[in-house]
Every structure is written in structure tokens, then in C-alpha cells.
Amino acid sequence: MDPIMMAVIGAVGGAVIAFIALGIKNSAAQKSKQGEAQDILKKASVEAEELRKKAANDAKQIVRDERNQLDHEMEKKKKHLTDFERGLTKKEVALEQKTEQIQKDTDRMKQKETDLDQRLLKADAELKKQQETQEELANKLSEISGLTKEQAKNQLIETVEEEARLDAAKKVKRIEEEANEEAEKRAKRIVGIAIQRFAGEYVAEQTISSVEIADDGVKGRLIGREGRNIRAFEQICGVDLIIDDTPGIVTISSFNVVRKEISRMTIERLIADGRIHPAKIEEFYDKCKHEFESRLRELGEKAQMEIGVHGIHPEILKLIGALNWRTSYTQNQYQHALEAAFLAGNMAAELGLNVKQARRAGLLHDIGKVLDASAEGSHAVIGADFAKKYGESPDIVHALRAHHDDEKPESVLAHLVAAADALSGARPGARKALKESYVSRLSDIEKIVNQFEGVHRSYAISAGREVRVLVENEKVSDEQTIMLSRDIARKIEQEMSYPGTIKVSVIRETRAVGIAK
């Protein structure tokens, strides 16, 4: 009911009661009962006042109830609008991502169309060039009767030189085929026996640098007053602690896998303890560092015992253990080192070489991957220098340095370590590559191949393990395809870095087209 109406009803009721009281008063006056009438009048006035107050209170209560109900409905509508706005924002972000992807696909298609147009133009130019060459040959044939003695002599010399080059290419092909056939038989036998004897497991692992937290309030405690805690943590641990708006996690960034893992353990213990301040950070860091170094030594000793060697320096054992937190294309490098050690040992056994020395070199070949990035050189050079510093033999040091051609291999041991590394890393399923790097590698291979004279088209296939080259018949002979494949392989080795090997297949074909009418 409307509060104003309630107030009016109360006032009217009071007036009625007053009127009744007045009538009673007049009646009493007529009956000479003045005193009793006054009492009744007072009582009626009190009752009227009480009714008025009650009506006013009821009106106020009704107003409060209506206002509370209205506020509640407004709050519900506001929450609904907020949820609706959040949903629209998510849909807008998703739509923007889809639009961006569509734009990228469109740009890629336009690029392909441009490349196709360029190839068509190039083909037209080549056809025109061939026609011009044919005309030149026809003119030369018409003028051949007018050649001088010296010109005929030079032409004869050029013809003899060309025939000599063709004969040399044929001999090179025959010698290579015989040598490759014999070498391939022996290599397949040795590698097959080595792989057959090694039955290790492979588990793909990926190191992460994120720490999950149960409550985002922990982020503020990790930062501390005016950033005191986060500055102390980064200074003590030697890493970057990234605390952003991502819910439920904080991120640790460092190129050193050992420091990153120690920092992760320190944060977890700080969060579990609840007392986060510089003194506790330093205390937990020291404890975690000691525990982690002991863990690294234990992993290194375990690997040493597993492959059957001894006497490796404790500092080198720490690096071997640290490989467990290092991955390459998602392949765990600790397992990779063990696998390379066993493969190198098995191949050495087939060749009658020192098995323990081969296993030792295979185990140590990638220790440079966990050293500080401040060291100069590739991981092969850094690891070899570190091994030399801690007493490894010159043969081992040379094998470590040469397993990625940073130094020319000069011993059978160096070749065995390089082969074991390639077998472990390049076999199917051992490693995974990102889509962007995979596509980029295929594009780079085709770009290098297309630079050679006489190449018509090239296709990188088998995930970049093989490239097939189609050549122009008029520019490349059957014998020249051999030299071209060697030149392409050498060019790829010089300009690209890749795991395993890349097979170069040069294809020359002759097509004869007849039309039946």
C-alpha cells in the first residue's frame, strides 16, 4: 500500500475518533457529567496519537522494505550486466584472434600467388632464352664452314675438355658407388647391432619455469613492501621473478637451469612456510641449493654407474645431473646422454675399440649445454674446455669438441660420438620441433637449393630429412647431377644448423610428348 495513503487513513481515523469524542463530550455536558467526558476525551486523544504514530511507523517500514527490494533487484541486474559484458569481452578477443589468423592466411596465400607469378615469369624468360640459344646454334652451324684454323682448334679443345670432365664425373660416380656400397654395408651392420643391443626407454619431458600458487594474495607477499622481497629474491637467487596478472602462477626466468630449479624449490618452501622476508629467502635458498647440488651429484653418480665407468670429477658429475633439467626439442638431455653413451659403446665394441672410453665420451658430450651462457663458443667447445680443466684425457676432450664439427674429427672415437649423438637425437619420435621452426627450416632448404644454376624446382620432404631437386635437361647432364648433389649438400652444411642428416636427391628426366589427332 502507498505510504501516503496509509498516513491519510491514519489522519482520518484520528479525526473520526476526535469527532466521536466531541459528541461524547456534548452528551456528557447535557447530562452534567463534565468530569467523565474530559477523561474520555483524554483517552481518545491518546489513542488517536498512538494510531497516528503506528501508521507513520508502518509507512516508514513499508518504504524501507520497498527500497531494500529495489536495491536487491538493481544489484541482480548490475551483476547480470557485468557477466554479460565479460562474456562479450571474451567473444571480442576470440573474434580478434580469428580475424588475425584469417589475415595471416590471406597474406600467406597472396605470397604464394606472388611466388607463382614470379615462377611463371621466370619460366617464360627461360623459354625465350632457349629459343635464342637455338637461333644462335643455327647461326653458328651456318657459319661453321668459315671457321679459321685457330678457331677450329679452340673448339676442338673445348670439346675434348668437356668429354674429359664427363669421363671424370663417370669415374667419380663409379668410385663413390663402390665405396658407398661397401661403407654402407659395414655402417648398417655396426649401427644395427648397436641399436639392437641398446633397449633404452625414451620419455619426452619439458622443463617449465612456473610455480602454481593457491591464492593470488601470495603475489603481494612475494613482492613485499615497496618491492623489498622480490628484489631480495632476484639478488639472492640470480633469476628474474615475473609476477603479473596471470591467475594462479608466478614465473621464474633464467638461462641457467640449475639456478632456475633452485629458485623454484625456494619459492615453494617460502609459500608453504608463510613467512616471506629477505632473511627467510636467504635461509631457504641456502638449504635448497645444498639439497639440489647433492641431488645433481647423485644423478651424475647414477649415470656413471649405469654405463660402467668411474673416476669422473664431482664437478663434471654435477653437470651430468643438471642435464636432467635441460631439453632439446623436448628430448631430455640426461636420457639423451645415457643413450648416446650406450650407442657409442656398442659401436666401439663392434669395431674392437675401447668400450668404456667410448661410453665416457658419449656421456660427457653435451655437458656444455648446462654451463653459463656467459662462456664463449658453442656447447661442444665449452664442454670440452670444462672437461679438460677437470682432468679428462685428450682423446675424450677432442671427441667432445668435434661432435658438432667445431673441430675436424681426427679419431675414430670422435666419429663414434658424433654418430651416437645423431642416432639418439634424429631417430623418429626422439625430438619434436615447433611448427614455425619446422616450416622455416623447410623454406630455408628450398631457398638454398634454388640458388644453383640449372635447378628447375626443389621440394623439402620427410620433415626436412630429404630434399628432391628437379633440374633442367638442357643445362644439367646425367653426369653433372652427381657433382650438383655434392655441391648442394656442402652448401646446406655450411649455411644451416640441423639435427641428423639431410639427403639430397637430384632428378633429371626426359619427357617425350606425342599428340594423336
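In my numbering, the protein residues as written are 509 to 1025. Quick reminder that beta carbons are idealized off the backbone N, C-alpha and C, glycines included. None of these values were measured; they are calculated from a predicted model.
Looking at residue i and the ligand SAM, is the gap between the Cβ and the nearest heavy atom below 6 Å?
{"i": "ILE820", "result": "Questions concerning the ligand SAM fall outside what the structure shown contains, since it holds no ligand whatsoever."}
Contact defined as beta carbons within less than 8 Å: I believe residue i pairs with residue j. What is the distance between those atoms, to the nearest angstrom?
{"i": "ILE1015", "j": "PHE960", "result": "14 Å between Cβ atoms; not a contact."}
{"i": "HIS873", "j": "GLY933", "result": "Contact flag wrong, Cβ pair sits at about 11 Å."}
{"i": "ILE784", "j": "ARG729", "result": "5 Å"}
{"i": "GLU790", "j": "ILE731", "result": "That pair is no contact at about 17 Å."}
{"i": "GLU982", "j": "GLN663", "result": "Actually they are not in contact, since the Cβ atoms of GLU982 and GLN663 sit about 20 Å apart, beyond 8 Å."}
{"i": "ILE1023", "j": "GLY972", "result": "Not quite, the Cβ-Cβ distance comes to about 40 Å (not below 8 Å), so this is no contact."}
{"i": "ALA869", "j": "ILE904", "result": "5 Å"}
{"i": "LEU674", "j": "GLU987", "result": "5 Å"}
{"i": "VAL977", "j": "VAL957", "result": "6 Å"}
{"i": "LEU908", "j": "ALA928", "result": "The pair is not a contact, with the Cβ atoms about 12 Å apart (cut-off 8 Å)."}
{"i": "VAL765", "j": "ALA830", "result": "6 Å"}
{"i": "ILE525", "j": "ALA545", "result": "Not confirmed; about 15 Å, so no contact."}
Measuring alpha carbon to alpha carbon, tell me which of the options ends up nearest residue i.
{"i": "VAL975", "options": "ASN981, ASP952 and LYS983", "result": "ASP952"}
{"i": "LYS810", "options": "LEU871, SER762 and ILE789", "result": "LEU871"}
{"i": "GLU858", "options": "SER762, VAL920 and GLU954", "result": "VAL920"}
{"i": "ILE751", "options": "ALA687, LYS727 and VAL766", "result": "LYS727"}
{"i": "GLU806", "options": "GLU791, GLU823, ALA869 and GLU685", "result": "GLU823"}
{"i": "LEU628", "options": "ARG965, SER901 and HIS873", "result": "ARG965"}
{"i": "LEU825", "options": "LYS797, ARG783, VAL878 and LYS788", "result": "VAL878"}
{"i": "LYS681", "options": "ARG998, ALA1024, SER1005 and THR989", "result": "THR989"}
{"i": "HIS906", "options": "GLY899, LYS897, GLU918 and ILE683", "result": "GLU918"}
{"i": "ILE875", "options": "VAL957, ILE1010, ILE890 and VAL863", "result": "ILE890"}
{"i": "VAL925", "options": "ASP748, ARG867 and ALA780", "result": "ARG867"}
{"i": "MET1004", "options": "VAL979, LEU950, GLU640 and ALA930", "result": "LEU950"}
{"i": "ALA780", "options": "GLN812, GLU671, GLU574 and ALA722", "result": "ALA722"}
{"i": "CYS796", "options": "VAL947, LEU778, ASP591 and LYS1011", "result": "LEU778"}
{"i": "VAL984", "options": "GLU742, SER993, GLN638 and GLY962", "result": "GLY962"}
{"i": "THR1018", "options": "GLN1002, GLU980 and GLU987", "result": "GLU980"}
{"i": "GLN839", "options": "LEU931, PHE792, GLN865 and GLU666", "result": "LEU931"}
{"i": "ALA968", "options": "ARG994, LEU992 and ILE1000", "result": "ILE1000"}
{"i": "LYS788", "options": "ALA740, ASN764, ASN862 and ALA922", "result": "ALA740"}
{"i": "HIS821", "options": "VAL863, LYS897 and SER886", "result": "LYS897"}
{"i": "GLY808", "options": "TYR793, PHE792, SER762 and ILE828", "result": "ILE828"}
{"i": "GLN841", "options": "HIS887, LEU861 and GLN865", "result": "HIS887"}
{"i": "MET991", "options": "LYS679, ARG572 and ASP748", "result": "LYS679"}
{"i": "LEU861", "options": "GLY885, HIS923, ALA910 and ALA892", "result": "HIS923"}
{"i": "LYS955", "options": "ASP623, SER761, VAL747 and ARG994", "result": "ASP623"}
{"i": "SER970", "options": "SER1013, SER993, ARG994 and GLN1002", "result": "SER1013"}
With DSSP as the reference, please indicate the residues paired to residue i in a beta bridge.
{"i": "ASN840", "result": "THR835"}
{"i": "GLU600", "result": "In DSSP, GLU600 forms no bridge with anything."}
{"i": "VAL719", "result": "VAL758"}
{"i": "ILE779", "result": "In the DSSP output, where bridge partners are listed per residue, ILE779 has none listed."}
{"i": "ASP748", "result": "SER761"}
Counting contacts by CB-CB distance shorter than 7 Å, is residue i in contact with chain D?
{"i": "GLU621", "result": "Considering every chain present, this structure includes no chain D. It has just one protein chain."}
- request: Pair every Cβ in the region 819-834 with every Cβ in the region 902-920, then say whether three or more of these pairs are closer than 8 Å.
  value: no
query: Is there contact here, the region 839-858 with the region 806-816, by at least three beta-carbon pairs under 8 Å?
result: yes
message: Across the region 793-808 and the region 759-775, are there enough close Cβ pairs to call them in contact, namely three or more that are closer than 8 Å?
response: yes
task: Any chance you could list the beta strand (DSSP E) runs of at least 3 consecutive residues sitting entirely within the region 962-1024, in chain order?
output: 963-969, 974-979 and 1011-1015
message: Within 8 Å, do at least three Cβ pairs link the region 755-764 to the region 733-740?
response: no
- request: Taking only runs that begin and end inside the region 803-834, name each unbroken alpha helix (DSSP H) of 4 or more residues, in chain order.
  value: 822-830
message: Ignoring anything shorter than 3 residues, give me the beta strand (DSSP E) runs that lie fully in the region 853-899, in order along the chain.
response: none
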